Amino acid sequence: MDKFQISIPQAMMLAISSITVTGHLLFIPVILNHSGRDSWLSLLLVLVPAALTAYVTAALAQKFPGCSVVEYAELAVGKWLGKLFAAVAIFYFFHDITISIRGFGEFFTSSVTPRTPILVFMTLIVLLAVYAARGGIETVARTNQVFLMCMIPIGVLASVLTHKDKDYLNFLPMLEHGIPPVLMGTLSLLSLYSTFFVMSMVFPHVSESGRKRLKWYSVLTILILIIMFLGPVTGPIAIFGEELSQGLSFPSFQILRDIKVGQLQRLDFIGILLWSLGSFAKISLFLYAACSGTAKLFGLNDYRSLTTPTGVLLIIVALYNNDSYVELYDFLMDVYPFYSTLIGMGLPCLLMIAAVWRGRMRGGAGGST
Numbered sequence: 008m009d010k011f012q013i014s015i016p017q018a019m020m021l022a023i024s025s026i027t028v029t030g031h032l033l034f035i036p037v038i039l040n041h042s043g044r045d046s047w048l049s050l051l052l053v054l055v056p057a058a059l060t061a062y063v064t065a066a067l068a069q070k071f072p073g074c075s076v077v078e079y080a081e082l083a084v085g086k087w088l089g090k091l092f093a094a095v096a097i098f099y100f101f102h103d104i105t106i107s108i109r110g111f112g113e114f115f116t117s118s119v120t121p122r123t124p125i126l127v128f129m130t131l132i133v134l135l136a137v138y139a140a141r142g143g144i145e146t147v148a149r150t151n152q153v154f155l156m157c158m159i160p161i162g163v164l165a166s167v168l169t170h171k172d173k174d175y176l177n178f179l180p181m182l183e184h185g186i187p188p189v190l191m192g193t194l195s196l197l198s199l200y201s202t203f204f205v206m207s208m209v210f211p212h213v214s215e216s217g218r219k220r221l222k223w224y225s226v227l228t229i230l231i232l233i234i235m236f237l238g239p240v241t242g243p244i245a246i247f248g249e250e251l252s253q254g255l256s257f258p259s260f261q262i263l264r265d266i267k268v269g270q271l272q273r274l275d276f277i278g279i280l281l282w283s284l285g286s287f288a289k290i291s292l293f294l295y296a297a298c299s300g301t302a303k304l305f306g307l308n309d310y311r312s313l314t315t316p317t318g319v320l321l322i323i324v325a326l327y328n329n330d331s332y333v334e335l336y337d338f339l340m341d342v343y344p345f346y347s348t349l350i351g352m353g354l355p356c357l358l359m360i361a362a363v364w365r366g367r368m369r370g371g372a373g374g375s376t
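Reading the sequence shown from the start, the letters are residues 8 to 376 in the working numbering.
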C-alpha cells in the first residue's frame, strides 16, 4: 500500500482544490437558484456545520492514528457494520467522481467546443487522473500544490477585473422570499463542503508532526473556502442581477467571458484553465480514495491495479447516469443536498459518537474489574 507521507498544508490544499472546482463549476447555479440574492447569507450560515464536519473528520484521524475511514469504521462500530459503513464511504467517493467527470464534460461541450463529443473530454480527464492516482497520494498532493498556486492568483485577478462591473444594490431587498430559500441554499453548500470527508483517506498519510494540528488546520481550511466562495456567490448577482444570473448554467464562466481590459477581451481561457486543472486535481484525489479504500476493504496489497478498471467504470457510469446537463442539475438541486450531507457529514459524526461511546464502555468495564 501507499506509504508516502505528505505535509499538512499539502493535505489542506487537496481539500481546497477538490471543493472549490466542483463548487465554482456546478454548485454556484444551484445555490443562486435556491437563495437568489440572499446566497451570501447561505454562505455565512454554512460556516459552523461545515467546520463541524471538518473538525470531526480530523478528530477521527487523530483518535485512530494511521487509519483511514475503512479501517477505523470497524474499530468504532464492529467488523460487519464497519465494513458496511466503509462500503458506503467508498460508494460516496466513487459517485462524486462521476458527478465531477460529467460536469467537466458538460462544461466543455456546452460552453467551449459544442461539436466535440462529451466522451472525448471525459476520457481525457480520467486518463490523466488514473496516471496521477497510480503515482500515489504524494504525486497527487505535489501536483495539486503546483496547480493551486497557479489557480489562486488567476482567481484573484479575475475578481479584481470584474469589480468595476458590480452593483451591490442588486442584493436589496434582503430576505424578500423569506428564510426557507436561504436554508436550502445553506444545505446545498453544506452538501458540497461535506465532501471534505474524503480527507479521511488522506489524513493517515500526513506526517506525524502535522497530525497534531489536524483539527485546527481543517477548520482553517473551511474558513478559507468560505472566503474563496464569496466572489463566485456574490459576483453573478452583483453583475447580472438575480433573475438573469439564475438563468445561467455557468455564471462564473460567463463573468470571465465578459471581462474587457482595453483591447484584451474574451478572457474565458482563464476559466477553462482553472476548471481543467481543478477538475484533474479533484478526480485524481477521489479516484485515489476510492481505489485505496476498496483495496483496504477487500484486503488487497496494492490499490494501483484497481485504478484503470475503476477509471473505465467511472466513464461508463458518468456517461449513462445522466442523459443531459439538465438532469444532472436537477439531481444537484433536489437530491444531492440531502444525500451528500447525510453521508459526508452524518457518517463521520456517527462514527465519532460510536467511537466515544465504545471507549467509555471499555473504560467502564475496566474500572468495574
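Glycine included, each C-beta is placed from N, C-alpha and C at the ideal position.
Please read all numbers here as calculations on a predicted model, not as lab measurements.
7 Å CB neighbourhood of residue i in its chain, flanking five on each side removed
i	result
Ser-375	Bear in mind that a pLDDT of 43 at Ser-375, under 50, signals an unreliable position, so the model cannot answer this.
Met-208	Ser-75, Val-76, Ala-296, Ser-299, Gly-300
Val-324	Thr-105
Met-359	Val-63, Ala-66, Leu-67
Ile-246	Thr-169, Asp-172, Lys-173, Ile-262
Val-163	none
Inter-residue Cα distance where the pair is residue i and residue j
i	j	result
Trp-223	Val-213	14 Å
Asp-174	Glu-113	30 Å
Phe-92	Ala-302	15 Å
Gln-12	Tyr-138	19 Å
Ile-234	Ile-26	13 Å
Arg-264	Ala-18	32 Å
Leu-255	Gly-238	16 Å
His-102	His-31	19 Å
Leu-51	Asn-308	44 Å
Ile-243	Gly-366	According to the sequence displayed, residue 243 carries Pro and not Ile. Near 49 Å, if we compare the C-alpha coordinates of Gly-366 and Pro-243.
Lys-70	Glu-215	13 Å
Asn-177	Phe-345	30 Å
Val-153	Phe-128	22 Å
Val-363	Ile-350	19 Å
Ser-14	Ser-195	30 Å
Asn-328	Pro-124	16 Å
Ala-80	Lys-86	8 Å
Ala-165	Ile-266	8 Å
Arg-141	Leu-321	16 Å
Ile-23	Leu-179	31 Å
Ile-277	Ser-118	13 Å
Presumed contact (8 Å Cβ cut-off) between residue i and residue j, rounded CB distance
i	j	result
Val-53	Thr-193	5 Å
Ala-96	Leu-313	Not quite, the Cβ-Cβ distance comes to about 16 Å (not below 8 Å), so this is no contact.
Leu-274	Asn-151	24 Å between Cβ atoms; not a contact.
Ile-290	Ser-107	6 Å
Leu-197	Met-352	7 Å
Thr-60	Phe-236	That belief does not hold up - the Cβ atoms of Thr-60 and Phe-236 are roughly 16 Å apart, past 8 Å.
Phe-287	Ile-132	6 Å
Leu-227	Ala-94	That belief does not hold up - the Cβ atoms of Leu-227 and Ala-94 are roughly 31 Å apart, past 8 Å.
Ala-361	Ala-83	5 Å
Ser-33	Met-158	Reading off the sequence shown, one finds Leu at residue 33, where the question assumed Ser. So it is not a contact: roughly 17 Å between Cβ atoms.
Arg-109	Leu-335	6 Å
Leu-326	Leu-126	6 Å
Residue interval of the alpha helix (DSSP H) (run including residue i)
i	result
Ser-207	Taken as a continuous stretch (DSSP letters only), Ser-207 belongs to no alpha helix (DSSP H), as it is neither H nor E.
Tyr-336	332 to 341
Glu-183	Counting along the chain, Glu-183 falls outside any alpha helix (DSSP H), and DSSP gives it neither H nor E.
Phe-257	Taken as a continuous stretch (DSSP letters only), Phe-257 belongs to no alpha helix (DSSP H), as it is neither H nor E.
Gln-12	That residue, Gln-12, is in no alpha helix (DSSP H); it is neither H nor E in DSSP.
Asn-329	First-last for Asn-329: undefined, no H or E at that position.
Asn-40	35 to 42
Ile-229	221 to 247
Ser-216	215 to 218
Val-77	76 to 84
Cutoff 6 Å; reference residue i; Cβ partners in own chain excluding five residues on either side
i	result
Ser-5	Limits of the chain in this structure are 8 at one end and 376 at the other, which puts residue 5 out of reach.
Leu-190	none
Ile-42	Position check: residue 42 holds Ser in this sequence, whereas Ile was assumed. Answer for Ser-42: Ser-49, Pro-188, Val-189, Gly-192, listed in chain order.
Ile-35	Pro-239, Pro-258, Ser-259
Tyr-200	Ala-57
Interface flag, residue i vs chain D, CB-CB below 7 Å
i	result
Pro-211	The question asks about chain D, but that chain is absent: this structure has only one protein chain.
Helix, strand or coil at residue i [DSSP, three-state]
i	result
Val-167	helix
Ile-97	helix
Lys-267	strand
Val-53	coil
Ser-291	helix
Asn-308	coil
Arg-141	helix
Asp-174	coil
Phe-71	coil
Pro-316	helix
Leu-274	coil
Arg-149	helix
Thr-123	coil
Residues of its chain near residue i, where Cβ-Cβ distance is below 8 Å and the 5 sequence neighbours each way are ignored
i	result
Met-181	Arg-44, Asp-45, Leu-48
Gly-73	Pro-211
Leu-230	Leu-54, Ala-58
Phe-100	Val-205, Met-208, Phe-293, Ala-296, Ala-297, Gly-300
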